[in-house]
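Colleague:
Chains as they are written, first to last, in my numbering: chain A, 878 to 1002; chain B, 1154 to 1513.
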């Protein structure tokens, strides 16, 4: 069974977001890391880049395939978890600690589209 | 969708399942990286019951098979296997297959699951003027692959047969776990190992026993693909297809021109004019993974396409196999692979990503 954290919001494409004021910390869910299998490569955007709700901002690759990661929020990247670039397997170990980017939210209108833990759990069945 | 006799076992073992060649097969049990490592360093067990088994029996069996395939079975001794290709008249590949020669009148063709029905129909259609029968026994026969340097040690626990008597690419009947199986020393991983054929229910029993052995790691198709790729073995649908000539794939060693076979004239013609593209190895010089269908460039000119590419599990080496225009297929040449929106540097190299360790 994959873990779904109660204090986070989610996208139906399996990204999590932690909201702290106008700063959003973003990662992929435990269900996502489990479906992907061994994660071996990560391509992230840079500080200052714009990201948009439900639009791809990064690529994550497991041994077998490459997948897009979508942003749960619209805003500007303020921090990138550079250390993950060399150790992407940390996402497999703990998907909720291994955050990818932090974003300053510039448009709050899409926040209501995020799923809560209960709603997201039904997708992971 | 078809299921192998082991399907329920895979579910019990909590395997991640995937569709492949019309079958629901295990993709991975634990993780592709762990399973890959197990086969390189110890012993892995694969369900390969999806493969097709077609018997050719009768007076003309040897001549018929030799008419069908590119390699020459006539001088192959009994109880030995041969790799070959089934070509159409245009000289492109219908399938690649393993040939087991019991005798001149009794031959087994082991074909890819995805091509099984197509192969069977093709073979039947070619059978005019040959005195033999073609029997598809795929649904009655199960197949397990035990692969890796400890395969010998593991199999030895369940049989009295002296395994050192079977050399690479040889086969024999033996009793394992009180049932009779056909066992060849072969595989699709670049390691020593055995392929074990038997009645489906016997294979199910053997799988239950082997899967509980502490020296055995269960492996799915994910690791099967990374392993065969690292050993630079072609996979139909990627390095081979009915749009590809074996001359482009670099499979000259599997073609024997001193006999007739379907597609030979087309190959001779292509040999004369030369191939337009060649299968090469690529090593990425920058971060990235070149995946199947990604395009290869020299400067701004497109020169080829990736057929398979991986970051080798448990390493940081990213390799690929690619068809490249012949004039660009030069060892040591630097090229670019287009990965999403960037052009990543790579160098053309040989396909020896792995030193093979067969028991010859």
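From the three backbone atoms N, C-alpha and C, an ideal C-beta is built for every residue, glycine too.
On a predicted model such as this, the values are computed, not experimentally measured, just so you know.
Taking 9 angstroms as the threshold (beta carbon to beta carbon), is residue 939 (chain A) in contact with chain B?
Modeller: Sequence index remark: in the first chain, residue 939 (chain A) carries index 62 (1-based). It does; some Cβ of chain B falls within 9 angstroms.
Colleague: Answer with buried or exposed for residue 1228 (chain B), where buried requires no fewer than 16 other C-beta atoms within 10 angstroms of its C-beta.
Modeller: Taking the first residue of the second chain as position 1, residue 1228 (chain B) is located at position 75. Counting Cβ neighbours within 10 Å, residue 1228 (chain B) comes out exposed, since fewer than 16 surround it.
Colleague: Under 9 angstroms between the Cβ atoms of residue 1475 (chain B) and residue 1458 (chain B)?
Modeller: The residue you call residue 1475 (chain B) lines up with position 322 of the second chain. The residue you call residue 1458 (chain B) lines up with position 305 of the second chain. The answer is yes: Cβ separation under 9 angstroms.
Colleague: Any contact between the segment 973-992 of chain A and the segment 1324-1337 of chain B? By contact I mean 3 or more CB pairs, one from each, below 8 angstroms.
Modeller: No, they do not touch.
Colleague: Cβ atoms of residue 1298 (chain B) and residue 1347 (chain B): under 9 angstroms apart, would you say?
Modeller: By one-based count along the second chain, residue 1347 (chain B) stands at place 194. By one-based count along the second chain, residue 1298 (chain B) stands at place 145. Yes; because the gap between Cβ atoms is below 9 angstroms, this pair is in contact.
Colleague: Which one or two residues does DSSP pair with residue 1325 (chain B) in a beta bridge?
Modeller: Sequence index remark: in the second chain, residue 1325 (chain B) carries index 172 (1-based). For residue 1325 (chain B), which the question treats as bridged, DSSP gives the partners B:1336.
Colleague: With a CB to CB cut of under 7 angstroms and the five nearest residues on each side skipped, what residues in its chain are close to residue 1484 (chain B)?
Modeller: Taking the second chain and counting its residues from 1, one reaches residue 1484 (chain B) at position 331. Only 1501, 1502 and 1503 meet the Cβ criterion.
Colleague: Got a sec? Which residues, its chain only, sit under 8 angstroms from residue 992 (chain A) by beta carbon, not counting five neighbours each side?
Modeller: Within the first chain, residue 992 (chain A) is the residue found at index 115, counting from 1. Hits under 8 angstroms: 886, 887, 888, 889 and 1000.
Colleague: Measure from the alpha carbon of residue 960 (chain A) to the alpha carbon of each residue in A:953, A:974 and A:951, then state which is nearest.
Modeller: Here residue 960 (chain A) is taken as the residue at index 83 of the first chain, counted from 1. When each option's Cα is compared against that of residue 960 (chain A), the closest is A:974.
Colleague: To the nearest angstrom, how far is it from the Cα of residue 914 (chain A) to the Cα of residue 1225 (chain B)?
Modeller: Counted from its first residue, the first chain places residue 914 (chain A) at position 37. Counted from its first residue, the second chain places residue 1225 (chain B) at position 72. Between the alpha carbons of residue 914 (chain A) and residue 1225 (chain B) lies a distance of about 42 angstroms.
Colleague: Between the segment 1438-1448 of chain B and the segment 1246-1260 of chain B, can you find at least three pairs of beta-carbon atoms closer than 8 angstroms?
Modeller: no
Colleague: According to DSSP, residue 1461 (chain B) sits in a beta bridge with which residue or residues?
Modeller: In the second chain, the residue the question calls residue 1461 (chain B) occupies position 308. According to DSSP, which records beta bridges pairwise, residue 1461 (chain B) is partnered with B:1474.
Colleague: In chain B, which residues lie with their C-beta within 7 angstroms of the C-beta of residue 917 (chain A)?
Modeller: If you number the first chain from 1, residue 917 (chain A) lands on position 40. Chain B residues near residue 917 (chain A): 1464.
Colleague: Note down, in chain order, each residue of its chain lying with its Cβ closer than 6 angstroms to the Cβ of residue 1201 (chain B), except the 5 sequence neighbours on either side.
Modeller: Taking the first residue of the second chain as 1, we reach residue 1201 (chain B) at position 48. Around residue 1201 (chain B): 1296 and 1298.
Colleague: Quick check: the Cα distance between residue 880 (chain A) and residue 1373 (chain B), rounded to an integer number of angstroms?
Modeller: One-based indexing of the first chain puts residue 880 (chain A) at position 3. One-based indexing of the second chain puts residue 1373 (chain B) at position 220. Roughly 25 angstroms separates the two Cα atoms.
Colleague: Where does the unbroken beta strand (DSSP E) through residue 958 (chain A) begin, and where does it stop?
Modeller: Translated into positions along the first chain, residue 958 (chain A) becomes position 81. Per DSSP, residue 958 (chain A) belongs to no beta strand (DSSP E) and is neither H nor E.
Colleague: So with CB distances below 9 angstroms, who are the chain A contacts of residue 1185 (chain B)?
Modeller: Here the question's residue 1185 (chain B) lines up with position 32 in the second chain. Those within 9 angstroms of residue 1185 (chain B) in chain A are 914, 915, 939, 940 and 941.
Colleague: Name the DSSP beta bridge partners of residue 1372 (chain B), please?
Modeller: In the second chain, residue 1372 (chain B) corresponds to position 219, counting from 1. DSSP output for residue 1372 (chain B) lists B:1199 as bridge partner(s).
Colleague: When DSSP labels each residue in this structure, what does residue 1272 (chain B) get in the three-state scheme?
Modeller: As a first step, residue 1272 (chain B) is located in the second chain; it is residue number 119 there, counting from the start. For residue 1272 (chain B), the secondary structure class from DSSP, reduced to helix, strand or coil, is helix.
Colleague: From the DSSP output, read off the bridge partner residues of residue 902 (chain A).
Modeller: Residue 902 (chain A) sits at position 25 when you count from the first residue of the first chain. Paired residue(s): A:895 and A:979.
Colleague: If we call anything under 9 angstroms between Cβ atoms a contact, is residue 1379 (chain B) one with residue 1197 (chain B)?
Modeller: Position 226 of the second chain holds residue 1379 (chain B). Position 44 of the second chain holds residue 1197 (chain B). With a cutoff of 9 angstroms on beta-carbon distance, residue 1379 (chain B) and residue 1197 (chain B) are scored as not near each other.
Colleague: Hey, does residue 975 (chain A) have any beta-carbon neighbour from chain B nearer than 9 angstroms?
Modeller: Here residue 975 (chain A) refers to the residue found at position 98 of the first chain. Residue 975 (chain A) does not count as touching chain B.
Colleague: Taking C-alpha atoms, which residue in B:1471, B:1506, B:1163 and B:1314 lies nearest to residue 1492 (chain B)?
Modeller: Counting from one through the second chain, the residue named residue 1492 (chain B) turns up at place 339. Nearest of B:1471, B:1506, B:1163 and B:1314 to residue 1492 (chain B), Cα basis: B:1471.
Colleague: Given that residue 1379 (chain B) touches chain A, what residues does it touch there, using C-beta distances under 7 angstroms?
Modeller: Position 226 of the second chain, counted from the start, is the residue given in the question as residue 1379 (chain B). By Cβ distance, chain A contributes 940.
Colleague: DSSP three-state call for residue 993 (chain A): helix, strand or coil?
Modeller: Within the first chain, numbered from 1, the residue matching residue 993 (chain A) stands at position 116. Note: residue 993 (chain A) maps to coil in three-state DSSP.
Colleague: Using CA coordinates, which residue listed in B:1302, B:1266 and B:1300 is at the minimum distance from residue 1290 (chain B)?
Modeller: Here residue 1290 (chain B) refers to the residue found at position 137 when the second chain is read from its first residue. For residue 1290 (chain B), the nearest C-alpha among the options comes from B:1266.
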